[in-house]
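Chains as they are written, first to last, in my numbering: chain A, 1 to 197; chain B, 198 to 628; chain C, 629 to 926.
Heads up, the beta-carbon is just placed ideally off N, CA and C, and yes, glycines get one too.
These numbers were taken from a predicted model, which means no experiment stands behind them.
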Amino acid sequence: MARPTKEERKVSIMTKALELFSKEGFYQTTMPSIAEKIGMSVGNLYNYFTSKEMLAKDLILYIANILGDEIRKINESPISTQEKIEAIVHMYFRIAKDRPETIEYFLRVYLSNREVFQNCCEGMICVSAFVTEMMIFFEEGVRCGELRDQDFFSAFGLFMGYLGGMVFINGENILPKPLESYEHTIAENIYYALKSR
Amino acid sequence: MITHELIERIEGEAVLDFQTDKSGAVQDAAIRFLHFRGMEAILEGRNALDALVITPRVCGICGHSHLIATVKMIEDAYRNAGVAIRISDKATAIRQITLSCELIQNHIKWLYLVMLHESGKMMGEEPTVALKALYVSSQVNQLCALFSGQWPHSSYALPGGVSCDPTHIEVMQALKILSDVERFIEDEVLGCTPEVFEQAMRDNEVLSLSGDFGTVLRNFERLKVLDTGKSHGRFLVLGDKSVAMANGIRNSADFALVSEDDSQTFEHGGKTYAKNALYNGEFYEGGPLARALVQERTGITDLYRTYGDSAIIRLSARVAEMVSLCAQVRQLLTSLDLSQPSFIPPPAIESISAEGIGIIEAPRGSLIHRATIEKGKIVSYSIITPTQWNLGNGTASNLGIAQKAMIGAESIAKASLIFRTFDVCSVCTTH
Amino acid sequence: MPSNPAKLRVIWLQGITCNGNTHSFLNDPSLGTLLDSVEFLHHPLLPCTFTLQQLVKKLPKSDILIFEGAYSASFERAGMAMESLLMTLALKTKHIISMGSCASFGGIFKENDPEHISGIVFDKENDSGPLRDMRKKVITLSGCPAHPKWLSFTIDMIRFDKPIAVDEYRRPKELYAYLVHNGCLRNEYFEWKVDSEHFGTKEGCLFYAQGCQGPFTHGSCNKILWNEVSSKTRSGTPCVGCTEPTFPKRELFTTKTYMSIPSEMPIGIPKRSYLALAGAAKSFHIKRLEERLIDDHT
């Protein structure tokens with residue numbers, strides 16, 4: 001078997017680090033604890049990431065890219081805006097279920113520790129891949145007449161805040177039914193809130 | 198005998214139908230404008246702010262006047278809708294500066310490209326390009342563009358003020374240009390200082406002025422048309438202070454007495470596209486002469502006492518206005534308070550449903566824009582241009598201003614020259 | 629020393645017009661130099677060889693025919709309909725300059741009678757104007773009005789027999805390859821997505837709210853300045869897109885947006901690329917760009 005490339009090693013480090021960060025939180029997780037989990041020396045870990053902050057930043061970029069790629073696929077498929085909403089909700093909940101650490105990281109690490117990301121992830125740079133696709137989703141929805149024209153952030157907040165909130169409640173084990181069983185109603189609520197009148 | 202004379206080298210073209218006797222003297226004259234562009238219809242249904250881009254295109258030489266009339270019309274609609282709209286003194290002054298620039302360049306072009314050229318030609322001179330006049334006009338337009346961005350066809354005035362935010366550098370450049378223009382007027386147009394010019398008007402000595410203006414007057418004298426071209430002696434200014442003057446008596450003018458008469462247009466079996474503009478059912482003359490007389494400006498008022506409303510005074514009034522406008526622009530430039538806002542944002546135009554009227558003094562007289570706005574959209578738009586006052590086509594019992602001025606001329610050529618003293622603009626007349 | 633070619637014989641003919649291009653042309657501060665190289669067989673305002681009536685009678689040959697204003701077959705000059713007047717003069721000339729947006733695409737006056745009024749080669753974007761078959765000898769100088777320097781450039785190129793590279797509408801690339809956006813003093817505000825809060829300030833970009841069409845309008849307005857000193861955007865006025873066949877659009881002082889995203893992208897920039905940069909740039913707060921350039925004028 002060929003030796004993994006540096007990029008491949010980086011991705012495997014990030015996958016493990018993601019689990020730790022999302023479980024333990026940003027401050028509880030340390031470079032030694034990550035190294036230990038992977039089974040590499042701390043010194044070697046620093047060869048891949050110069051600091052914990054840099055690793056954290058690469059992780060958010062990594063997640064934004066995953067989400068961005070998924071939404072882009074939906075944006076480029078020949079379906080109605082209403083169907084796209086359904087698809088985005090489904091995709092988001094699927095990732096939350098299959099790879100909960102991704103969404104957890106986004107909600108519990110990225111959004112909750114803004115001071116960590118202030119210097120390396122100012123504004124929306126690190127989540128740009130994801131936000132850009134959401135912009136395109138909204139822009140096209142309004143352009144084709146399905147969605148109501150309004151300020152981007154009021155629509156974005158309604159959509160993503162709703163999904164994030166549901167994943168959060170689910171994580172707290174409050175939901176009586178499985179998350180995916182809410183998909184359709186949630187997509188419908190979002191559509192009715194945003195659709196043109 | 199009836200002759201149709203095509204008048205060129207005006208803004209656009211016009212046809213004069215002359216009836217002459219055996220000696221060739223003009224017994225009757227009709228003025229026809231044959232081109233029509235439907236500007237008012239183009240505006241209907243559009244956002245009212247779009248008019249700020251469309252109406253300047255009524256006319257290449259006085260488009261800025263149309264812009265200012267439009268912006269005043271929209272601001273009037275705001276007020277009529279009960280919405281307060283504020284314009285800073287700075288923005289008001291800048292609008293007046295750029296509008297005055299348009300008048301100055303217009304008067305220079307008219308003096309050189311039309312009057313000097315045409316009167317010279319009748320004296321048998323070989324016409325040349327008045328490069329010095331065109332250069333100085335381009336400088337005046339540059340002064341305007343320092344604030345308006347460009348001339349012609351700027352859209353820099355918006356309800357609430359102006360779009361530019363000038364610094365002292367623009368003001369300094371403007372003052373330098375203005376000095377050059379003033380020097381041109383003294384050295385080339387008048388051949389004397391403004392003070393000497395005013396004294397010459399009071400002493401009835403304008404014919405001895407050495408500049409190009411003097412040359413035009415002397416050409417007119419040799420052609421024996423200097424004191425011809427008399428009309429009704431009725432004058433109207435609606436733009437600044439509204440005054441109507443008839444039989445030497447000045448009264449404040451009432452806009453309600455303004456009407457348009459389309460009985461001479463093609464639509465009603467006539468021969469022109471131009472509608473007549475009437476005040477109290479009669480033709481009134483507008484423009485620099487009217488402005489000077491209603492304001493009782495010395496010089497022109499003195500000349501008027503001697504000559505009445507003949508060619509010499511129409512020529513003098515336009516030149517005198519160049520001089521007074523330069524002084525006004527200088528005063529405005531030196532007193533501009535740049536710390537004031539250029540623009541005070543009004544509520545969105547979409548909230549406005551009302552009628553608005555904007556009246557300003559354009560190069561050739563009072564320009565009126567009137568529109569009905571419904572939720573920010575133009576329902577109807579109507580423009581009365583200055584030349585509709587001066588170049589109207591009346592009937593034998595109620596002759597138009599220029600029409601009456603031409604009747605009695607010794608020849609068609611002389612009548613045509615008199616016609617041009619009114620500063621003819623065909624494109625405006627039939628917008 | 630290069631030999632001086634003979635004076636070009638030029639006819640300036642007007643269709644349905646406001647005379648704006650004529651007056652724009654008269655603004656050329658080096659008009660005298662230009663007039664050393666051309667002889668006007670006819671011009672609406674300048675001294676010339678033929679009056680309009682003589683022009684219509686003689687229909688002379690020329691080197692350049694400059695056409696200003698929109699075309700309508702039945703529109704007359706000195707009693708002759710454009711259908712024959714323009715066509716005859718066009719056949720008897722070597723070069724044709726379509727001066728201004730009315731002559732080029734129909735412009736504002738087309739709005740009144742869209743069926744019968746067009747440009748001479750193009751009718752809006754379509755090449756269905758009366759001179760479409762002569763398009764090879766037409767140079768389009770669109771703009772409302774066209775800049776005097778654009779005209780003197782074209783005349784000069786013709787005079788010295790230099791080839792003029794043109795775009796799809798036969799506009800010289802040297803003039804129209806630029807966007808009005810290029811050279812705009814507000815470019816830094818565009819880069820960092822700082823919009824102008826309202827008219828009348830030096831600060832902020834007019835693309836996001838005030839309807840500026842600079843990023844998708846071809847023209848060198850911010851390279852070859854108007855009246856030598858300024859431009860629409862330099863005086864705080866949004867570009868109205870006057871050089872394009874789509875002129876005049878509607879709602880000229882408002883940017884059409886869909887969920888805050890401008891409906892038209894800068895030319896050639898994919899929406900995804902634009903938004904990726906815009907979203908990032910907008911989230912920064914650059915203090916210098918949010919402050920007034922000059923605090924006061926005292």
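DSSP places B:Asp458 inside the beta strand (DSSP E), whose first and last residues are Val455 to Asp458.
The stretch 48-126 of chain A contains, as complete alpha helix (DSSP H) runs of 4+ residues, the segments 52-75, 81-98, 100-104 and 114-117 (chain order).
Against C:Leu903, the close residues of chain A are Ser128, Val131, Thr132, Glu133, Met135, Ile136 and Glu139, in the order they occur along the chain (beta-carbon pairs closer than 9 Å). Here B:Val378 really is in contact with B:Val337; their C-beta atoms are around 6 Å apart, less than 8 Å. Residues of the same chain with a CB within less than 8 Å of the CB of B:Ala593, apart from the 5 flanking positions on each side, are Asp225 in chain order. In the structure shown, the three-state DSSP call for A:Gly25 is coil. Note that the C-beta distance between C:Met893 and C:Tyr886 is not below 8 Å. Contact check between the stretch 423-432 of chain B and the stretch 323-332 of chain B: fewer than three CB pairs, one atom from each, fall below 8 Å, which does not count as touching. Under the DSSP assignment, C:Thr716 falls in the alpha helix (DSSP H) whose first and last residues are Met710 to Leu719. For B:Pro391, the nearest beta carbon of chain C is not closer than 8 Å to its own beta carbon. With a cut-off of 8 Å on Cβ pairs, the stretch 511-520 of chain B is in contact with the stretch 485-492 of chain B, counting three or more such pairs. Per the DSSP secondary-structure output, B:Leu475 pairs in a beta bridge with B:Ser456.
Under the Cβ criterion of 8 Å, C:Ile725 is not counted among the residues facing chain B.
Separation of C:His671 and B:Ser335 (C-alpha to C-alpha, rounded to the nearest whole angstrom) is 18 Å. Inter-residue distance for B:Ala606 and B:Val223 is about 5 Å (C-alpha atoms, whole angstroms). In chain order, Glu139, Val142, Arg143 and Asp149 make up the part of chain A whose C-beta sits under 7 Å from the C-beta of C:Tyr886.
Rounded to the nearest angstrom, the Cβ distance from C:Ser732 to C:Ser756 is 13 Å, too far for a contact under 8 Å.
For the stretch 337-369 of chain B, the set of residues with a beta-carbon nearer than 8 Å to any beta-carbon of chain C comprises Asn338, Gln339, Cys341, Ala342, Leu343, Phe344, Ser345, Gly346, Gln347, Trp348, Pro349, His350, Ser351, Ser352, Tyr353, Leu355, Gly357, Gly358, Val359, Ser360, Cys361, Asp362, Thr364 and His365, in chain order. Among the residues facing chain A, C:Gly907 is included, as its CB has a counterpart in that chain under 8 Å away. Around the beta-carbon of C:Pro791, fewer than 16 other beta-carbon atoms lie within 10 Å, marking it exposed. The beta carbon of B:Leu331 falls within 8 Å of a beta carbon belonging to chain C, placing the residue at that interface. In this structure, the alpha-carbon of B:Thr569 lies about 52 Å from that of A:Tyr92. Below the 9 Å Cβ cutoff, chain A contributes no neighbours of C:Lys738, its closest Cβ being approximately 27 Å away. Against B:His314, the close residues of chain C are Pro675, in the order they occur along the chain (beta-carbon pairs closer than 9 Å). Around the beta carbon of C:Ile922, fewer than 16 other beta carbons sit within 10 angstroms, so the residue counts as exposed.
Between B:Phe344 and C:Ser859, the beta carbon gap of about 13 Å keeps them out of contact (Cβ cut-off 8 Å).
In the DSSP assignment, C:Asp751 is bridged to C:Asn754. Residues of the stretch 111-128 of chain A that bring their beta carbon within less than 8 Å of a beta carbon in chain C comprise Glu122, Gly123, Met124, Ile125 and Ser128, in sequence order. For B:Phe540, the beta-bridge partners assigned by DSSP are B:Gly358. With 16 or more neighbouring CB atoms inside 10 Å of its own CB, B:Gln585 falls in the buried class. Within the same chain, Cβ atoms closer than 8 Å to the Cβ of A:Met124 are found at Val131, the five residues on either side in sequence being excluded. A residue is called buried when at least 16 other Cβ atoms come within 10 angstroms of its Cβ; B:His365 does not meet this threshold and is exposed. Taking every protein chain shown into account, the CB of B:Asp362 has 16 or more other CB atoms within 10 angstroms, so this residue is buried. As the crow flies, the alpha-carbon of A:Lys97 is around 59 Å from that of B:Ala551. Close to B:Ser335, with beta-carbon spacing below 9 Å, are these residues of chain C in chain order: Leu654, Asn655, Asp656, Pro657, Leu659, Pro776, Asn855 and Glu856. The continuous beta strand (DSSP E) containing B:Gly555 extends over residues Ala551 to Ala559.
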